[in-house]
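Novice:
Numbering (this note's numbering), first residue to last: 700 to 918.
1) Rounded to whole angstroms, what is the Cα-Cα separation between residue 710 and residue 839?
2) From residue 715 to residue 880, what distance separates their C-alpha atoms?
3) Within 7 Å: the Cβ of residue 874 and any heavy atom of the ligand COA?
4) Report the CB separation of residue 794 from residue 894 in whole angstroms; it is logged as a contact under 8 Å.
5) What is the rounded straight-line gap between the Cα of residue 732 and the Cα of residue 791?
6) Between 836, 915, 779 and 789, which lies nearest to residue 754 when the distance is taken from Cα to Cα?
7) Given a threshold of 16 other Cβ atoms within 10 Å of its Cβ, counted over all protein chains shown, does residue 700 qualify as buried or as exposed?
8) In angstroms with no decimal places, state the Cα-to-Cα distance between residue 869 and residue 835.
9) For residue 846, count neighbouring Cβ atoms within 10 angstroms of its own Cβ and tell me buried if that reaches 16, exposed if not.
10) With a Cβ-Cβ cutoff of 8 Å, do residue 904 and residue 798 count as a contact?
11) Relative to the C-alpha of residue 713, which candidate in 775, 764 and 742 has its C-alpha closest?
12) Which residue spans inside the region 812 to 846 form an unbroken alpha helix (DSSP H) run of at least 4?
13) Would the beta-carbon of residue 802 fall within 8 Å of that of residue 724?
14) Can you tell me the Cβ-Cβ gap for residue 883 and residue 807, rounded? I've got them flagged as a contact below 8 Å.
15) Measuring only the C-alpha atoms, how far is residue 877 from residue 867?
16) Look at the alpha carbon of residue 827 and the alpha carbon of residue 706, and state the distance between them as a whole number of angstroms.
17) Would you please state the rounded distance, in angstroms, between the beta carbons of residue 916 and residue 850? I believe it to be under 8 Å.
18) Among residues of its own chain, excluding the 5 on either side of residue 804, which ones have a beta-carbon nearer than 7 Å to its beta-carbon?
19) Evaluate residue 872 with the Cβ neighbour count: other Cβ atoms within 10 Å of its Cβ, from every protein chain shown; 16 or more gives buried, anything less gives exposed.
20) What separation, rounded to the nearest whole angstrom, lies between the Cα atoms of residue 735 and residue 831?
21) Taking the C-alpha atoms as reference points, what is the distance between residue 854 and residue 729?
22) Looking at the secondary structure, which residues open and close the alpha helix (DSSP H) in which residue 875 lies?
23) Below 8 Å between beta carbons: does that hold for residue 787 and residue 717?
Okay, structure coming up:
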């Protein structure tokens, strides 16, 4: 029979699971963006296949959370931390799914000359990657001030999204032959914007743990 671990040890294990899952999600987004920039079909396919690893991490995290609640019966801040881990795991799994959506769109635009649009999307992608890093850092350290910074970062990403959609619509009206490719880029654009939303969700969990209240950083 496995000896019961102290609650602090179990919380450390949960943090490790989140950190590992976050790395996989970050890598998936990073590789999907590289596939877009390089129009690398093989790399895009590898992102799609690797999504199962993130899903397995979420399953393992959920099982550990259930065990912690059942065996340790955490209360107050500790209970909020355990509950938050479930929600963060869900957001990281969705980020992985969105990386897959980007990769799938890449397979539809391979060989197309869309350098100008891809350059703008690349910058948005870099901003989204930074949001993943910042949101996970705030969760690991329970830094409420860092968590609040994600609201501004997400607003900036939303603004870029709106501007880029407007630009793409203008291009499609001028040259309708580019519409199918621009549609795929719009899908990528939406996925990147949604990644930012999930990062703000993670930061909201930091505020929930620290303050015991629900915050909406993405109204």
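Glycine residues also receive a C-beta, built at the ideal position from the N, C-alpha and C atoms. Here the structure is a predicted model, which means the values were calculated and not measured.
Specialist: Walking through what the data contain:
1) 11 Å
2) 40 Å
3) By its list of ligands, the structure shown contains no ligand whatsoever, and the ligand COA lies outside what it can speak to.
4) 5 Å
5) 17 Å
6) 789
7) Low confidence applies here, because residue 700 scores a pLDDT of 38, under 50, leaving its location unreliable; read the following figure in that light. Per the 10 Å Cβ criterion, exposed.
8) 37 Å
9) buried
10) no
11) 764
12) 814 to 840
13) no
14) 5 Å
15) 10 Å
16) 33 Å
17) 4 Å
18) 883, 886 and 887
19) exposed
20) 19 Å
21) 21 Å
22) Premise fails: residue 875 is in no alpha helix (DSSP H) and is neither H nor E.
23) yes
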